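A.B. asks: Dumping the structure here so I can ask a few things about it.
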Amino acid sequence: MENADPCRDFVKDVKRIVIKVGTAVVTRQDGRLAVGKLGALCEQIKELNILGYEVILVSSGAVGLGRQRLRYRKLIHSSFADLQKPQVELDGKACAAVGQSSLMATYDDLFSQLDVTSAQLLVTDNDFRDRDFRKQLSETVKSLLSLKVIPIFNENDAVSTRKAPYEDSSGIFWDNDSLSALLALELKADLLILLSDVDGLYNGPPSDPQSKLIHTYIKEKHQNEITFGDKSRVGRGGMTAKVTASVHAADAGIPVIITSGNTAENLTKILQGQRIGTLFHKDAAKWVPLKEVDVREMAVAARDCSRRLQAASSEERKHILLNIADALESHQKEIRIENEADVAAAQEAGYEKSLVARLALKNEKITGLANNIRIIANMEDPIGRVLKRTELAEGLILEKTSSPLGVLLIVFESRPDALVQIASLAIRSGNGLLLKGGKEAKRSNAILHKVITEAIPDTVGSKLIGLVTSRAEIPELLKLDDVIDLVIPRGSNKLVSDIKSSTKIPVLGHADGICHVYVDKSANLEMAKQIVLDAKTDYPAGCNAMETLLVHKDLVEKGWINNIIVDLRTEGVTIYGGPKASSLLAIPLARSLHHDAHTDSIITEDHEVADVFLRQVDSAAVFHNASTRFSDGARFGLGAEVGISTSRIHARGPVGVDGLLTTRWILKGSGQVVDGDKAVSYTHKDITP
């Protein structure tokens, strides 16, 4: 499950839920009912009802709604002279009485349209002092829930004898937040959800871009760090009341989540275990270290270390990589132990064979990774290369030089070897790095990260490379456009598109990778056979493996296509056909056909046809008479790759060191000034060495 949080595994056992809806969710800015939001909420509650959850609703909003209606009535019945007089604040009890009937009528109407029945229960603080009342309340709610009815609670403010909250807060409850916590305890709920107009509890004002959402509230850590602002725009308590109620309920054993009631499907996401809002739980301190690493701190540390790396000499950067290569080989045993645990867990979980294959790290692969790092180490230093030198005028020289991008965020899936390749390229190019690997490679990624960072000297700092351990931290990282300079997602098209739509940071996409091999009518058929088999079976899990075989129609008549089908099936390949091939060759129809600008190859002896193919096929890599498996950074001589980009900006195809660089302009003068271009005589002479 995307964004799943292991701290929220308890939701698997949740059956009875108390949901409290804040006034800011129920009403609009003008005080009127937010019918659209309420309708969406009711739809979510209906779905939960269908799934077997017992839902109890506590709704605020009656006082605010009643106040808006009474103000309107007073306005239309007032003379101009009346309006010039000082306006007296409306009686809150009257507002509650008027608003409550309107609020319940709206709920009843919305639920009725969804074929759901709701019931109203009004309570006061004094009611809970009566033991018989509490017993009867429990029995009534139990009966309603057994009938799939949604009980809707509200404090009966119209007849409550309490004064304003916090002036008389000595009672059993003093607002609907504390009422919902009390009901969760009385009715033995498994979860309390408090819906507000913000995403959860922040360590500062939610409107401040520097404020961070607190995913898990730890009383020992956060109670003295958070400063609360004003109360809710329309309600009585605001976030202070919500946190107080949440802490009381959590201490009593009821997990609580504060989140936004304005975001679609938040209730569903919470019950899927996703990291939504702020969690309060009695065991929270055991789950989250009190000094957990903040993602911003991690990114800033990577940036600071990258600047020290860039300041190091080319020889020093080279030796860091050589030390990492040696460390990988000397720690092969530990790496294999952790990797084999990941592989066993993936097999037990029923992952596809292709994923398990990508996950495995054999000794020969570790040795190959170390050797590739040595190749990268011995490459020409990519930093500070003069790409172009121009004499602008006599004594005024302009240089265009290569420069690191800064901090990279790489999100990759099941291949732990990708971590090694990416880290080595980042170091060679002088970049800081944040890595988020797939959960199926968690142990492998952790040991590889440890081995690599321990080989980085203190003069640079091990925080040059940060390992992000939770997918739920990715949304926070994607907000850091002031620290992170490039995001490279390696995975499905959905992963790439989701990240692109969630960040202002430039994204270099490494998506699915659909590779085609086209066998032309003039192909050398024995060569075609060898290339097709290699492209598909050499390493089927690779993104450069052939997915689609295109064959000229004349080869059907020659019988070659039937022979290659037999050869592929002998190698264990399952074959599907497009609309024509399926009926012509009596093979199952492909459920869908995809294309992607990854790698496409033509097999032909006709060089004119080949030239047209190479010029006009718009893919990152286009081959003639060669297997698509050559589309690889190491095979291209890049040493390694951070991915194969199917984007066009700023790198395309296998991305090595050069794809992780940008340019800078360096101007060297001897006192020149512009002075309206009168003081200089331009030559613009290319003097690139």
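Each residue of the sequence shown is one higher than the last, beginning at 162 in the working numbering.
Cβ coordinates follow ideal geometry from the N, Cα and C atoms, glycine included.
Just so you know, these numbers come straight off a predicted model, no measurement behind them.
Please give the ranges of any alpha helix (DSSP H) in the segment 271-340, keeping only runs that are unbroken, at least 4 residues long and fully inside the region.
C.D. replies: You should have 292-307.
A.B. asks: Classify I827 as buried or exposed, calling it buried when 16 or more other Cβ atoms lie within 10 Å of its own Cβ.
C.D. replies: Under this definition I827 is an exposed residue.
A.B. asks: Quick one: complete beta strand (DSSP E) runs, 3+ long, within the segment 729-764?
C.D. replies: Counting whole runs of 3 or more residues, the segment 729-764 contains the beta strand (DSSP E) stretches 760-764.
A.B. asks: The beta strand (DSSP E) with G703 in it runs from where to where?
C.D. replies: Run containing G703: none; DSSP gives neither H nor E here.
A.B. asks: Quick check on DSSP: helix, strand or coil for K549?
C.D. replies: Looking at K549 - three-state DSSP - the assignment turns out to be strand.
A.B. asks: Look up R497 in the DSSP assignment and say whether it is helix, strand or coil.
C.D. replies: Here R497 sits in helix by DSSP.
A.B. asks: May I ask you to list the residues that DSSP assigns as paired with Q433?
C.D. replies: DSSP output for Q433 lists no bridge partner at all.
A.B. asks: What is the DSSP secondary structure of P184, reduced to helix, strand or coil?
C.D. replies: As written in the sequence, residue 184 is Thr, which differs from the Pro given in the question. T184 falls in the helix class under three-state DSSP.
A.B. asks: From this set, H492, S842, L348, which residue's C-alpha is nearest R177's C-alpha?
C.D. replies: Of the listed residues, the one whose Cα sits closest to R177 is L348.
A.B. asks: Near I736, which residues of its chain fall below 7 Å by C-beta distance, leaving aside the five closest residues on each side in sequence?
C.D. replies: Closer than 7 Å at Cβ, skipping near neighbours: I726, L729, R730, I748.
A.B. asks: For D269, does the three-state DSSP call read helix, strand or coil?
C.D. replies: In this structure, D269 counts as helix in the three-state DSSP scheme.
A.B. asks: Cα separation between I415 and A350?
C.D. replies: Rounded to the nearest angstrom, the two C-alpha atoms are 7 Å apart.
A.B. asks: If you draw a straight line from the alpha carbon of V277 to that of R169, how long is it in whole angstroms?
C.D. replies: One C-alpha to the other measures close to 29 Å.
A.B. asks: For the candidate residues I419, D336, V219, V547, whose alpha-carbon lies nearest to that of T849?
C.D. replies: It is V547.
A.B. asks: So what does V179 bridge to, in DSSP terms?
C.D. replies: DSSP output for V179 lists I217, L353 as bridge partner(s).
A.B. asks: Can we count Q261 as close to the ligand NAD, meaning its CB is less than 7 Å from some heavy atom?
C.D. replies: Questions concerning the ligand NAD fall outside what the structure shown contains, since it holds no ligand whatsoever.
A.B. asks: Measure the alpha-carbon distance for K296 versus I180 and round it to whole angstroms.
C.D. replies: Those two C-alpha atoms are separated by around 21 Å.
A.B. asks: Taking the alpha helix (DSSP H) that T614 falls in, what are its first and last residues?
C.D. replies: Looking at the DSSP string, the run of the alpha helix (DSSP H) that includes T614 is 603-615.
A.B. asks: Between the C-alpha atoms of C203 and F272, what's the straight-line distance to the nearest angstrom?
C.D. replies: So the alpha carbons of these two residues sit roughly 6 Å apart.
A.B. asks: Return the Cβ separation of I536 and G800 in integer angstroms, given the expectation that the two are a contact with Cβ distance under 8 Å.
C.D. replies: About 4 Å; that satisfies the 8 Å criterion.
A.B. asks: Run the CB neighbour count on E684, radius 10 Å, all protein chains shown included, and call it buried at 16 or more, exposed below.
C.D. replies: Contrary to the premise, residue 684 reads as Ala rather than Glu in this sequence. Buried, because 16 or more other Cβ atoms sit within 10 Å of the Cβ of A684.
A.B. asks: Can you find the residues in the same chain that come closer than 6 Å, C-beta to C-beta, to L352, ignoring five residues on each side of it along the sequence?
C.D. replies: Cβ neighbours of L352 beyond the five flanking positions: V175, I178, P416.
A.B. asks: Taking Cβ to Cβ, would you say E601 is nearer than 8 Å to D487?
C.D. replies: In this structure, D487 does not lie closer than 8 Å to E601 by Cβ.
A.B. asks: For H759 versus T823, is the C-beta distance shorter than 8 Å?
C.D. replies: Cβ atoms of H759 and T823: not closer than 8 Å.
A.B. asks: The alpha helix (DSSP H) with T401 in it runs from where to where?
C.D. replies: Looking at the DSSP string, the run of the alpha helix (DSSP H) that includes T401 is 399-412.
A.B. asks: Which same chain residues, not among the five before or five after Y843, have their C-beta less than 8 Å away from its C-beta?
C.D. replies: Same-chain partners within the cutoff: L553, A554.
A.B. asks: In whole angstroms, what is the alpha-carbon distance linking L361 and G438?
C.D. replies: In the sequence as displayed, the identity of residue 361 is Gly instead of Leu. Whole-angstrom Cα-Cα distance: 5 Å.
A.B. asks: Write down the C-beta distance between Y679 and I764 rounded to the nearest angstrom, noting that I regard them as a contact closer than 8 Å.
C.D. replies: Sure, about 7 Å apart at Cβ, within 8 Å.
A.B. asks: Going by beta carbon distance, what residues of the same chain come within less than 6 Å of A531, once the five residues before and after it are set aside?
C.D. replies: Cβ neighbours of A531 beyond the five flanking positions: A486, L489, E490.
A.B. asks: Determine which residues share a DSSP beta bridge with W826 and list them.
C.D. replies: For W826, which the question treats as bridged, DSSP gives the partners K561.
A.B. asks: Run the CB neighbour count on R752, radius 10 Å, all protein chains shown included, and call it buried at 16 or more, exposed below.
C.D. replies: So R752 counts as exposed.
A.B. asks: Distance check for S368 and T420, CA to CA, integer angstroms please.
C.D. replies: So the two alpha carbons sit approximately 15 Å from each other.
A.B. asks: Please list the segments of the beta strand (DSSP E) lying wholly inside the segment 765-824, counting only runs of 3 or more residues, in order along the chain.
C.D. replies: Within the segment 765-824, the complete beta strand (DSSP E) runs of at least 3 residues are 782-785, 804-806, 814-816.
A.B. asks: Which class does L522 belong to by DSSP, given the choice of helix, strand or coil?
C.D. replies: L522 falls in the coil class under three-state DSSP.
A.B. asks: What would DSSP say about K173, mapped onto helix, strand or coil?
C.D. replies: Residue state, collapsed to three classes: helix.
A.B. asks: Would you give the residue range spanned by the alpha helix (DSSP H) that G121 belongs to?
C.D. replies: Outside the modelled stretch of the chain, which goes from 162 to 850, sits residue 121, for which no answer is possible.
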